[in-house]
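In the numbering used here, the protein residues as written are 7 to 277. All C-beta atoms, glycine included, are put in the ideal place defined by N, C-alpha and C. Model, not experiment: these values are computed from the prediction.
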Amino acid sequence: MELKDNNAGTGRKRNYFVSRRIDRIFLELYKIYAFHVRFFKEVFVPPYEFKEVVRQCYEVGVRSLPLISLTGFIIGIVFTNQSRPSLSEFGATSWLPSLVSIAIVRALAPLVTAIIAAGRVGSAIGAELGSMRVTEQIDAMEVSATNPFNYLVVTRVLATTFMVPALMIYTVFVSLMGAYLNVNQNELTSFTTYITQVFEAISFLDIFSSIIKTFIFGFTIGMVGCYKGYYSSKGTEGVGKAANSSVVTAMFLVFIEELLSLQIINLFRAM
């Protein structure tokens, strides 16, 4: 629809409905919607790229283990050290394993895992697909009768969706081991007592909700990285912007999803 620009006295016409900025926002929202719809259509349509899914799971999961291990171990030690002075004021240092387990299982492990995945995996996906777009490799795949969306997008989103929860469980284990070393060194708590207090403090709802959250986080990270890379442009500059915006957008959405999921989980706890 063409409307006359009232601000221009020459009668020049403009090709936007409301304004250029607002129209771009609605067009971007439609592209995001169409991208999600296409994913849910392609994921159930053969051919199924099992080998590529396994390869992407290795890239997302196994290659992230060193960083996840170091980060999770440090989180367990640091959180225990930071919590001890507050509990010692009330003579409640014996509650330290329970406090650590609740904090790690409910919040720290899912968030830290998602942030690391967004920084490492999301940026890599955005940069990889972005470089393939600007070098016209995706166009070449379409010409050669290959479905690039199924091979590039679906496989990566499935890999992040399934591997981020697995990484979160590993982060919980490493963080609790780091916390145990700190507790054992300062309070001389045995491993049996420590594990007993850890599992007494958490419930099935805590574990189940954290796993469900990380499924959502993984899907979000994969979709954002693929979307930014798949529609990147402007040469090498666009590749850098795709990688950067993948990380920033994914982290922002992860925090929003964490806030919303916390409200829902608290409703179930109140029942």
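Opening and closing residue of the alpha helix (DSSP H) in which residue i lies
i      : result
Tyr225 : Here residue 225 turns out to be Phe, not Tyr, going by the sequence shown. Taken as a continuous stretch (DSSP letters only), the alpha helix (DSSP H) holding Phe225 covers 210-236.
Asn272 : 241-276
Arg139 : 129-140
Leu173 : 161-193
Ala124 : Where Ala124 is concerned, there is no enclosing alpha helix (DSSP H), given that its DSSP letter is neither H nor E.
Ala151 : Element bounds for Ala151: n/a, residue is neither H nor E.
Tyr200 : 197-207
Top-ranked residue by Cα proximity to residue i, from the options
i      : options                        : result
Pro116 : Arg162, Leu102, Val84, Tyr176  : Tyr176
Thr220 : Ser107, Val178, Met147, Ile144 : Val178
Leu187 : Thr255, Leu102, Gly231         : Leu102
Glu233 : Ile38, Arg30, Phe32            : In the sequence under discussion, the amino acid at residue 233 is Tyr, which differs from the Glu named in the question. Among Ile38, Arg30, Phe32, the Cα nearest to that of Tyr233 is on Ile38.
Gly82  : Val43, Gln62, Leu114           : Leu114
Ser209 : Met174, Thr195, Ser107         : Ser107
Thr119 : Phe274, Phe261, Arg275         : Phe261
Arg44  : Leu158, Met174, Ala185         : Leu158
Ser196 : Arg27, Phe96, Ser100, Leu71    : Ser100
Thr141 : Thr152, Gly244, Arg26, Leu73   : Gly244
Ile201 : Gly231, Arg90, Met183          : Met183
Practice task
Quick one: which unbroken alpha helix (DSSP H) runs of 4-plus residues sit fully inside the segment 40-118? Chain order, please.
Solution key: Counting whole runs of 4 or more residues, the segment 40-118 contains the alpha helix (DSSP H) stretches 56-66, 71-94, 102-109.
Practice task
Inspect the CB distances between the segment 209-227 and the segment 155-168 and report whether three or more fall short of 8 Å.
Solution key: Two segments are said to touch when three or more pairs of C-beta atoms, one from each, lie closer than 8 Å; by this definition the segment 209-227 touches the segment 155-168.
Problem - Cβ contact check for the segment 143-152 and the segment 43-52: 3 or more pairs under 8 Å - result: With a cut-off of 8 Å, the segment 43-52 and the segment 143-152 do not count as touching, because too few Cβ pairs lie within range.
Problem - At least three beta-carbon pairs within less than 8 Å, the segment 130-142 to the segment 229-242 - result: Yes: the two stretches touch, three or more of their Cβ pairs being nearer than 8 Å.
Exercise for the section: Assess, as a yes-or-no matter, whether the segment 56-66 is touched by the segment 81-96 under the definition of 3 or more beta carbon pairs within less than 8 Å. Expected result: Output reads no: the segment 56-66 does not touch the segment 81-96.
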